[in-house]
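Accompanying notes for the structure given below.
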Amino acid sequence: MVPSFFKTGTKKIQSKKESSPSQPSTIKPNITNLTYNIDDNIDLIKDCLGSPPDLNVRKIIIDAATDFSVAMIRMDGMSDKKEVDFSVIEPLSKMNFEQLREQLESPNSAEVLGRLIAVNKLEKMNDVDKVVNSILQGNTGILFNHTSQVFIASTRLIDKRGLSEPSSQTVIRGPKDSFTEDLRTNTSLVRARITNPKLRIETLNVGEITHTNVELMYLNGIADDSILQELRNRIKKIKIDAILESSYIEEFIQDSKNSIFPTLISTERPDVVVANLLEGRFAIFVYGTPYVLIGPATFIQFFQSPEDYYQNYYMGSFIRILRFVSFFIALYIPGLYVAIMTHHHALIPTTLLITLAGQREGVPFPIVVEALIMELVFEVLREAGVRMPRAVGQTVSIVGALILGQAAVQAGFVSASTVIVVSLTAIANFTMPFFNVAIAARILRFLLLLLGSYIGMYGIMLGTFVILAHLCSLRSFGLPYFDPITPFKLLAQKDVFIRLPLPKQMTRPEPASPEEKNRVQGGGRNET
Numbered sequence: 001m002v003p004s005f006f007k008t009g010t011k012k013i014q015s016k017k018e019s020s021p022s023q024p025s026t027i028k029p030n031i032t033n034l035t036y037n038i039d040d041n042i043d044l045i046k047d048c049l050g051s052p053p054d055l056n057v058r059k060i061i062i063d064a065a066t067d068f069s070v071a072m073i074r075m076d077g078m079s080d081k082k083e084v085d086f087s088v089i090e091p092l093s094k095m096n097f098e099q100l101r102e103q104l105e106s107p108n109s110a111e112v113l114g115r116l117i118a119v120n121k122l123e124k125m126n127d128v129d130k131v132v133n134s135i136l137q138g139n140t141g142i143l144f145n146h147t148s149q150v151f152i153a154s155t156r157l158i159d160k161r162g163l164s165e166p167s168s169q170t171v172i173r174g175p176k177d178s179f180t181e182d183l184r185t186n187t188s189l190v191r192a193r194i195t196n197p198k199l200r201i202e203t204l205n206v207g208e209i210t211h212t213n214v215e216l217m218y219l220n221g222i223a224d225d226s227i228l229q230e231l232r233n234r235i236k237k238i239k240i241d242a243i244l245e246s247s248y249i250e251e252f253i254q255d256s257k258n259s260i261f262p263t264l265i266s267t268e269r270p271d272v273v274v275a276n277l278l279e280g281r282f283a284i285f286v287y288g289t290p291y292v293l294i295g296p297a298t299f300i301q302f303f304q305s306p307e308d309y310y311q312n313y314y315m316g317s318f319i320r321i322l323r324f325v326s327f328f329i330a331l332y333i334p335g336l337y338v339a340i341m342t343h344h345h346a347l348i349p350t351t352l353l354i355t356l357a358g359q360r361e362g363v364p365f366p367i368v369v370e371a372l373i374m375e376l377v378f379e380v381l382r383e384a385g386v387r388m389p390r391a392v393g394q395t396v397s398i399v400g401a402l403i404l405g406q407a408a409v410q411a412g413f414v415s416a417s418t419v420i421v422v423s424l425t426a427i428a429n430f431t432m433p434f435f436n437v438a439i440a441a442r443i444l445r446f447l448l449l450l451l452g453s454y455i456g457m458y459g460i461m462l463g464t465f466v467i468l469a470h471l472c473s474l475r476s477f478g479l480p481y482f483d484p485i486t487p488f489k490l491l492a493q494k495d496v497f498i499r500l501p502l503p504k505q506m507t508r509p510e511p512a513s514p515e516e517k518n519r520v521q522g523g524g525r526n527e528t
């Protein structure tokens, strides 16, 4: 006799084609009408998915006398076929009706059945929307006749590339691994470096269509709770159909969405994430991208390279100062050159002025047009080098710049001094550890160049005041962007323009929780 758990009666269901004139591929968010008939449930799931060609359905009859059967539904290419065959289908095909009845009648049927089905995770669902979403993520849906419950087996196919060296933020001394597109690989790279129960991970789902997994990582007790709560609120307010890269999240949650300066760090280096977590910041991992977001971020952080801490602090401090100087060269040199050559000849020594004037003899363009043309040409070469195959990209950038520069000087289109200024600017721009700050300098120097051409040094000063005022007004999750310069904090200057030895940096910076300011406290395994 069939036990009461297996209800032989079936409920009629209406397909989505009957209830709605919309396309079959559209999933209704409120459909929960799974029935006790396995064929009706299979048809319902097919209808929700639009009966795609990559949907794999396999049905096995367990007991012909009672018409009891089991079906496995999965997406080809998304689930591991070998694991489904050996861990799901093979154990189920060897069970008889009595064994399955005993398993399914148990209050903890998912847990008991999971002992026989050798998968990492097995959970029970009775909502068709959740079932469909799980199947789309690569899991396998296990359906039984005479029950409306669906068991979801974790059989997701993990096809990921191996670890490689970072394509950006390269270092001579230091770790050579970088994040990949796989979310769990990325979090494991951080966990391998922080073996402490304080490390917490929270999973959020963003994207009305893509349902992208976004994970928030922080050190409990070290990160500020108010900042974490504000971050959760901002992520939950994101309303968009798809999240394809971490930059989508960045644009939604950053404080000043119209600023040219980044207020969140983007990195593909695990050691950079670990260092910032230890300082009380948070990290945001997004599935499908190797770039992780870090916040709150300050302006000074974008000039700090991980290699500063892997070599002698004298060398690290010297290189950091060199980066600040290079930033000002990339930002100001073209504008200053045009302003002095156009409005302030008296500032140039006579001998040099005669040389520069001789170089410009026969050049048909004003100096501002000359500088703009060369800047745009270098930007085109830079973009071409990035888009072309890596084997020839660098050759095109370097050789193209040399050939075009020399040809332009010989043809009399530009002067040699202009080529030197633009080349120096381009080289200085490459010293920035984070490319998004370099992009800000590349764009702003066009503004300063135009201001310098119209009103000379006064234009440069005006542009500088506007940029400084904007920088001082920025905040990153409540933290001033110019911290710790303004507001000025004397004790925090140990790691700003120069880096003092690590034994003298035993306090965490501003984002850290006030209770965990000291680096040598609160690090025990027993403190959670």
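When we follow full-length UniProt numbering, the leftmost residue of the sequence shown carries the number 1, and every step to the right adds one. We put the beta carbon where it would ideally sit given N, CA and C, even for glycine.
#1: Leaving aside the five residues before and after ILE498 along the sequence, list all residues of the same chain whose C-beta is less than 6 Å from its C-beta, in chain order.
#2: DSSP on ARG58, reduced to helix/strand/coil?
#3: If you compare alpha carbons, which of LEU100, VAL272, TYR291, ASP241 is closest to PHE303?
#4: Let me confirm a value: ASN108 is counted as buried when at least 16 other C-beta atoms fall within 10 Å, else exposed. Which label applies?
#5: Can you name, in chain order, every residue of its own chain whose Cβ lies under 6 Å from the Cβ of LEU336, other than the five neighbours on each side?
#6: Identify whether SER476 lies in helix, strand or coil by the three-state DSSP scheme.
#7: Could you tell me which residues DSSP pairs with VAL292 in its beta bridges?
#8: Tell me the DSSP bridge mates of GLU202?
#9: Less than 8 Å between the beta carbons of PRO175 and PRO53, yes or no?
#10: Can you grab the Cα-Cα spacing for the pair ARG173 / ASP308, in whole Å?
#11: For the beta strand (DSSP E) that contains ILE152, what are its first and last residues?
#12: For ALA426, which option in PRO334, GLN493, SER168 has the closest C-alpha, if you only look at C-alpha atoms?
#13: Tell me where the alpha helix (DSSP H) around GLY180 begins and ends.
#14: According to the neighbour-count rule (16 or more other Cβ atoms, all chains shown, within 10 Å of its Cβ), is ASP85 buried or exposed?
#15: Straight-line CA distance for GLN23 to VAL214?
#16: Taking C-beta to C-beta, are PHE282 and LEU183 nearer than 8 Å?
#17: With H, G and I counted as helix, E and B as strand and the rest as coil, what does DSSP make of ILE373?
#18: Since GLU250 and LEU264 should fall inside the 8 Å C-beta cutoff, what is the C-beta to C-beta distance between them, to a whole number of angstroms?
#19: My output table needs one value for LYS28: the three-state DSSP class, helix, strand or coil.
#20: Considering only the alpha carbon of each residue, which of GLU165, ASP43, ILE340, PHE488 lies closest to LEU450?
#21: Which value, in whole angstroms, describes the spacing of the CA atoms of ILE460 and ILE222?
#22: What is the rounded straight-line gap between the Cα of ILE27 and the Cα of LYS237?
#23: So, under 8 Å CB-CB, ILE38 and SER79 are touching, yes? Tell me the CB distance rounded to an integer number of Å.
#24: Considering only DSSP beta bridges, list what ILE73 is partnered with.
#25: Quick check on the DSSP output: the alpha helix (DSSP H) that includes ILE284 runs from which residue to which?
#26: With distances taken from CA atoms, which of GLN169, SER154, VAL128 is nearest ILE117?
#27: Since SER93 sits in a beta bridge, which residues does DSSP pair it with?
#28: State the DSSP-derived secondary structure class of LYS494, mapped to helix, strand or coil.
#29: In three-state terms, what does DSSP make of GLU102?
#30: Can a CB atom of chain B be found closer than 8 Å to the CB of ILE158?
#31: If the criterion is Cβ atoms closer than 8 Å, does the pair GLY77 and GLU181 meet it?
#32: Between the beta-carbon of residue 540 and the beta-carbon of TYR36, is there less than 8 Å?
#33: Check each candidate in SER178, VAL496, THR507 and name the one with the smallest Cα separation from LEU322.
#34: Nearest to THR212 by CA position, among ALA357, LEU136, SER188, is which residue?
#35: What number of angstroms, rounded off, separates the C-alpha of THR66 from the C-alpha of ILE209?
#36: According to DSSP, is LYS130 part of a helix, a strand, or is it coil?
Here's the rundown:
#1: SER317
#2: strand
#3: VAL272
#4: exposed
#5: none
#6: strand
#7: THR267
#8: LEU216
#9: no
#10: 10 Å
#11: 150 to 153
#12: PRO334
#13: Strictly speaking, residue 180 in this sequence is Thr, with Gly absent from that position. Unbroken run through THR180: none, as it is neither H nor E.
#14: exposed
#15: Residue confidence is low: GLN23 scores 41 on pLDDT, short of 50, so the model does not pin down where it sits. Its coordinate-derived value is still stated next. Using only the alpha carbons, I get a separation of about 29 Å.
#16: no
#17: helix
#18: 5 Å
#19: With a pLDDT of 43 at LYS28, under the threshold of 50, the modelled position of that residue is not reliable, and the figure given next carries that caveat. Coil at LYS28, not helix or strand.
#20: ILE340
#21: 42 Å
#22: Because ILE27 carries a pLDDT of 44, less than 50, the predicted location of this residue cannot be relied on, and the following value inherits that uncertainty. The straight-line gap from Cα to Cα measures roughly 22 Å.
#23: Rounded, the Cβ-Cβ distance is 20 Å, inconsistent with contact.
#24: VAL57, GLY141
#25: That residue, ILE284, is in no alpha helix (DSSP H); its beta strand (DSSP E) goes 282 to 286.
#26: SER154
#27: DSSP output for SER93 lists no bridge partner at all.
#28: helix
#29: helix
#30: The structure shown contains no chain B; it is built from a single protein chain.
#31: no
#32: Outside the shown range of the chain, which is 1 to 528, sits residue 540, and nothing can be said about it.
#33: VAL496
#34: LEU136
#35: 40 Å
#36: helix
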